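Asker:
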Amino acid sequence: MRNDEIRTKKILKLAGTLPFFGAADLAPIGEKRAYLNIILSRYAKRGAMLHLRRNLYVTKAYLDNAERRGIYSDYIEFIANKLYSPSYLSLDYVLHEHNMLTEIPRNITSVGLRKTDSFSNELGTFIYHNIKEELFLGFAVVKKGGFSILKASKAKALFDFLYFRKRLLVDKLAMEELRLNLDEFTKDDLKEIEGYVEREGTPRMKEIFNWLR
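Count the sequence shown with our numbering and you get residues 2 to 214, in order.
1) Can you tell which of Gly71, Glu78, Lys10 and Glu6 has the C-alpha that lies nearest to the C-alpha of Phe21?
2) Looking only at its chain, what residues have a beta carbon closer than 8 angstroms to the beta carbon of Ser111, apart from the 5 residues adjacent to it on each side?
3) Leu159: which of Pro29, Leu183 and Val143 sits nearest, CA to CA?
4) Kindly list the residues whose CB is nearer than 8 angstroms to the CB of Arg34, restricted to its own chain and excluding five residues on each side of it in sequence; keep chain order.
5) Under 8 angstroms: do the region 167-182 and the region 117-125 share three or more Cβ pairs, one atom per stretch?
6) Starting from Ile72, follow the beta strand (DSSP E) in both directions and report where the run begins and ends.
7) The alpha helix (DSSP H) that contains Asn38, what's its start and end?
8) Classify Glu17 as helix, strand or coil using the three-state DSSP reduction.
9) Whether or not the region 99-111 and the region 166-174 are in contact is what I'm after, with contact meaning three or more pairs of Cβ atoms, one per stretch, closer than 8 angstroms; do they touch?
10) Along the chain, where does the alpha helix (DSSP H) containing Ile128 start, and where does it finish?
11) So within the region 111-186, which uninterrupted alpha helix (DSSP H) runs reach at least 4 residues, ignoring any that extend past its ends?
12) Should Leu169 be labelled buried (16 or more other beta-carbon atoms within 10 Å of its own) or exposed?
13) Look at the alpha carbon of Leu37 and the alpha carbon of Asn66, and state the distance between them as a whole number of angstroms.
14) What is the residue span of the alpha helix (DSSP H) that His97 lies within?
15) So, are the CB atoms of Leu114 and Phe137 less than 8 angstroms apart?
16) Classify Thr203 as helix, strand or coil using the three-state DSSP reduction.
17) Leaving aside the five residues before and after Leu191 along the sequence, list all residues of the same chain whose C-beta is less than 8 angstroms from its C-beta, in chain order.
18) Beta strand (DSSP E) containing Met50: first to last residue?
19) Does DSSP classify Ile1 as helix, strand or coil?
20) Should Thr60 go down as buried or exposed, given a rule of 16 or more other Cβ atoms within 10 Å for buried?
21) Does the Cβ-Cβ distance between Asp75 and Gly146 come in under 8 angstroms?
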């Protein structure tokens, strides 16, 4: 076997064990960054690797293994946290998970501290909304499929959903047109969301919260 084939095999072997990686993550092999970038670009074009975003990849073998183990959807949630950090899953994605939205969301939605952004790749479209640091709360670490995933509570997901639409919610009718299913929303959930509304502090959000009751 030629020397370059041995080098490439070592790179692919290490890459296949990682849930995501860039050239820096493969540095322990001892190859130069420029050479690693060439290999990553080459194998992404061949379909052996998936380009998640700039300088970030996952191997097709890793994804296939996740699918066989039944943890593919868990991986999607995990990688949503990693494409843009810090961030937590929220909004439409989490509300639908709790049967509070009738329409299936087309995107994986999250909230983060950096500027609003989005990434599209073969796994889907990942959308991130910027929120103030004092409202970056109401989420927990969920352990699924061997991954640690930051995900909003049901109440925080609804708060975020309404918060980013507050300029559009001009009256109670506009609120009703969202067709939210609040059957599973408990008194404790209402108390939790009220805490976020108080923290946010604007009359607009207080009015929107009153329409929920």
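We put the CB at the ideal spot given by N, CA and C, even for glycine. Fair warning: this is a prediction, and the values are worked out from it, not measured in the lab.
Answerer: If we stick to the structure as given:
1) As a working mapping, residue 21 is identified with position 20 in the sequence shown. Among Gly71, Glu78, Lys10 and Glu6, the Cα nearest to that of Phe21 is on Glu78.
2) If you number the sequence shown from 1, residue 111 lands on position 110. Counting only Cβ-Cβ distances below 8 angstroms, and skipping sequence neighbours, we find Ala81, Asn82, Tyr85, Ser88, Tyr89, Leu90, Ser91, Leu92, Tyr94, Phe127, Ile128, Tyr129 and His130.
3) Numbered from its first residue, the sequence shown carries residue 159 at position 158. Cα-wise, what sits closest to Leu159 is Leu183.
4) As a position in the sequence shown, residue 34 is number 33, starting the count at 1. If we look at Arg34 and ignore the five residues flanking it on each side, its Cβ neighbours are Ala24, Ala25 and Ala28.
5) no
6) In the sequence shown, counting from the first residue as 1, residue 72 sits at position 71. No beta strand (DSSP E) contains Ile72, which DSSP labels as neither H nor E.
7) Translated into the one-based positions of the sequence shown, residue 38 becomes position 37. Run containing Asn38: Arg34 to Arg47, per the alpha helix (DSSP H) assignment.
8) Within the sequence shown, the letter at position 16 stands for residue 17. According to the sequence as given, residue 17 is Gly; it is not Glu. Here Gly17 sits in coil by DSSP.
9) no
10) The residue given as residue 128 occupies position 127 in the sequence shown. Run containing Ile128: none in the alpha helix (DSSP H); it sits in the beta strand (DSSP E), Gly125 to Asn131.
11) 155-164 and 173-177
12) One-based indexing of the sequence shown puts residue 169 at position 168. Burial call: exposed.
13) On the sequence shown, position 36 is the one that residue 37 refers to. On the sequence shown, position 65 is the one that residue 66 refers to. Rounded to the nearest angstrom, the two C-alpha atoms are 24 angstroms apart.
14) To locate residue 97, count along the sequence shown from 1; it is residue 96. Per DSSP, His97 belongs to the alpha helix (DSSP H) from Leu92 to Glu98.
15) Here residue 114 corresponds to residue number 113 of the sequence shown, with the count starting at 1. Here residue 137 corresponds to residue number 136 of the sequence shown, with the count starting at 1. Their beta carbons are under 8 angstroms apart, which means Leu114 touches Phe137 by this criterion.
16) The sequence position of residue 203 within the sequence shown is 202, counting from 1. Looking at Thr203 - three-state DSSP - the assignment turns out to be coil, as it is neither helix nor strand.
17) The residue given as residue 191 occupies position 190 in the sequence shown. Cβ within range, chain order: Ala156, Leu213 and Arg214.
18) Position 49 of the sequence shown holds residue 50. Here the beta strand (DSSP E) through Met50 covers Met50 to Arg54.
19) This structure cannot speak to residue 1, because the chain is shown only from 2 to 214.
20) Within the sequence shown, numbered from 1, the residue matching residue 60 stands at position 59. By the 10 Å Cβ count, Thr60 comes out buried.
21) Taking the sequence shown and counting its residues from 1, one reaches residue 75 at position 74. Taking the sequence shown and counting its residues from 1, one reaches residue 146 at position 145. In contact: Asp75 and Gly146 (Cβ atoms closer than 8 angstroms).
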